[in-house]
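Below is one structure, written out as structure tokens; the observations come after it.
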Amino acid sequence: MQETLQNQLEKMNEKEFQKDLIQWFEKEMRDLPWRKNQDPYRVWVSEIMLQQTRVDTVIPYYNRFMEQFPTIEALAFAPEEKVLKAWEGLGYYSRARNLQSAVREVHEQYGGQVPKDPKEISALKGVGPYTAGAILSIAYDIPEPAVDGNVMRVLSRILSLWDDIAKPSSRKIFEEAVRHLINKENPSYFNQAMMELGALICTPTSPSCLLCPVQEHCLAFSEGIQRDLPVKTKKKSTKVIDLLTVMVQNQDGDWLMNQRPAQGLLANLWEFPSFEKQQEQESAVQIQEFLKTDFNVEAVVDAEPVLVQDHVFSHLTWKMVIFKAKTKDQTSIGDRAAWMNREAIERVALPVSHRKIWNHYLST
DNA sequence: TACACGTGGTA
DNA sequence: TTACCAAGTGT
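So for the first sequence, my numbering puts the first residue at 29; every next one is plus one.
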């Protein structure tokens with residue numbers, strides 16, 4: 029064990045810490061839909077949705093998802109397009125595809141029972157060290173660490189640990205701390221309480237230390253340095269991509285749609301055909317050549333765009349310029365392209381940027 | 001290890 | 001407006 033961690037842990041009264049923390053949680057825990065029971069599947073879905081995503085954002089998605097896919101079997105046998113549609117707008121879409129893949133694995137290899145073995149559950153797609161610990165502790169009362177951003181922030185303050193929580197190597201230090209602090213009788217409430225404390229009290233900026241149930245256990249508070257922790261290095265800025273997008277309509281009134289590649293950004297989602305702009309040529313000319321080359325579609329492209337919009341991802345920005353075009357063609361090449369009517373476009377999963385384009389069209 | 005991977009909310 | 005964030009994982 030790290031020497032500093034060992035030193036800091038020796039200053040803790042862990043039994044009193046557990047008692048104060050869990051008593052606070054029992055009194056103050058939010059009434060959230062995934063806390064209705066300890067069904068491992070319900071816990072699992074919630075943990076995947078909550079990755080890098082706010083509770084308020086997740087709640088309506090979670091309720092719809094559980095209504096549509098109430099059991100492991102329901103999700104295992106659902107078409108992927110239905111799952112992606114249910115995930116539309118949540119982001120990090122590989123979570124949805126990995127979840128369904130893992131659920132199918134549980135159905136086929138484990139008789140539909142989410143495994144309790146840390147090695148087995150960690151081998152499931154999309155289940156990393158945090159999610160494995162969360163499911164095992166919350167659903168099965170197994171004393172495994174569930175270290176997320178909240179827990180690292182809370183523990184960096186409680187134990188006055190100055191490890192950079194942005195570094196992957198720091199995770200294991202906090203996991204080790206949890207293994208020493210966790211309440212073996214109620215690991216579910218202990219882990220949830222640590223996260224709840226981080227979400228409600230021990231917030232990133234201006235923590236509410238005067239309301240904190242474990243204030244007397246907090247080394248950072250005792251030294252008045254809670255605002256200096258945790259240490260978290262900054263990320264680099266995002267790059268910008270100039271994108272040309274075209275809404276092609278044929279004589280039936282159907283729109284040309286393209287399904288994105290199965291790997292990478294927005295995998296398997298549908299979009300209006302788009303490509304990265306070459307700075308030299310005129311946009312309408314580039315679009316015409318793009319449609320002929322990639323879709324075998326001869327189209328007449330408007331001279332001026334109908335819409336300009338930026339879309340910001342976590343790691344890049346699309347500067348989108350959207351044109352409309354008309355064609356007499358009824359066929360298109362590429363098995364990932366299709367002509368869609370209005371109902372079909374409503375039915376498939378689009379990235380938020382393209383859903384905005386569509387909604388803009390509907391409102392004009 | 002560092003970066004890809006989404007989105008909407010907040011200071 | 002920029003920057004950071006919010007219950008991380010895969011490569």
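All C-beta atoms in this analysis are idealised placements derived from N, C-alpha and C, irrespective of residue type, glycine included. As the structure is a computational prediction, the values presented were derived from the model and not from experiment.
Please list the terminal residues of the continuous beta strand (DSSP E) segment that includes Glu304.
Locating residue 304 in the first sequence gives position 276, where the first residue counts as 1. Looking at the DSSP string, the run of the beta strand (DSSP E) that includes Glu304 is Ser302 to Glu304.
Are the beta-carbon atoms belonging to Tyr69 and Thr99 less than 8 Å from one another?
One-based indexing of the first sequence puts residue 69 at position 41. One-based indexing of the first sequence puts residue 99 at position 71. Contact: yes.
Quickly, what does DSSP pair Val268 with across the bridge? List them, please.
Against the first sequence, residue 268 aligns to sequence position 240. Partner(s): Thr345.
Taking the continuous alpha helix (DSSP H) assigned at Asp322, which residues delimit it?
Locating residue 322 in the first sequence gives position 294, where the first residue counts as 1. Unbroken alpha helix (DSSP H) run through Asp322: Ser311 to Phe323.
List the whole-angstrom C-beta distance separating Leu209 from Glu42, where the pair is believed to meet the contact cut-off of C-beta under 8 Å.
On the first sequence, residue 209 is found 181 positions in, with the first residue counted as 1. On the first sequence, residue 42 is found 14 positions in, with the first residue counted as 1. Sure, about 5 Å apart at Cβ, within 8 Å.
According to DSSP, what are the bridge partners of Ile350?
For the purposes of this step, residue 350 is taken as residue 322 along the first sequence, with counting starting at 1. DSSP lists Thr273 and Leu335 as partners of Ile350.
Using beta-carbon positions only, say whether Met180 and Phe202 come within less than 8 Å of one another.
In the first sequence, residue 180 corresponds to position 152, counting from 1. In the first sequence, residue 202 corresponds to position 174, counting from 1. Cβ atoms of Met180 and Phe202: closer than 8 Å.
Please confirm whether Asn393 and Ala227 have their CB atoms less than 8 Å apart.
For residue 393 there is no data in the structure shown, the boundaries of the chain being 29 and 392.
Status (buried if at least 16 other CB within 10 Å, exposed otherwise) for Glu172:
Numbered from 1 along the first sequence, position 144 holds the residue referred to as residue 172. Buried, by the Cβ-count rule.
Pull up the distance between the alpha-carbon of Arg370 and that of Val340, whole angstroms please.
The residue given as residue 370 occupies position 342 in the first sequence. The residue given as residue 340 occupies position 312 in the first sequence. Looking at the two C-alpha atoms, the distance is approximately 26 Å.
Buried or exposed: which applies to Val313, given that a residue is buried once 16 or more other Cβ atoms fall within 10 Å of its Cβ?
Residue mapping note: residue 313 aligns to position 285 of the first sequence, counting from 1. By the 10 Å Cβ count, Val313 comes out exposed.
Compare the beta carbon distance of Arg199 and Gly154 with 8 Å and say whether it is the shorter of the two.
Position 171 of the first sequence, counted from the first residue, corresponds to residue 199. Position 126 of the first sequence, counted from the first residue, corresponds to residue 154. Taking 8 Å as the Cβ cut-off, Arg199 and Gly154 do not qualify as a contacting pair.
Using only alpha-carbon positions, find the residue among Gln46, Phe323, Val380 and Ala377 that is nearest to Asn219.
Mapped onto the first sequence, residue 219 falls at position 191. The shortest C-alpha separation from Asn219 is found at Gln46.
Keeping to the same chain, check which residues put their C-beta closer than 6 Å to that of Trp190; ignore five residues upstream and five downstream.
On the first sequence, residue 190 is found 162 positions in, with the first residue counted as 1. Contacts found: Val259.
Starting from Asn35, trace the alpha helix (DSSP H) in both directions and tell me its first and last residue.
Numbered from 1 along the first sequence, position 7 holds the residue referred to as residue 35. Run containing Asn35: Glu31 to Leu37, per the alpha helix (DSSP H) assignment.
Is the CB-CB distance between Ala174 and Ser165 below 8 Å?
Translated into positions along the first sequence, residue 174 becomes position 146. Translated into positions along the first sequence, residue 165 becomes position 137. Their beta carbons are under 8 Å apart, which means Ala174 touches Ser165 by this criterion.
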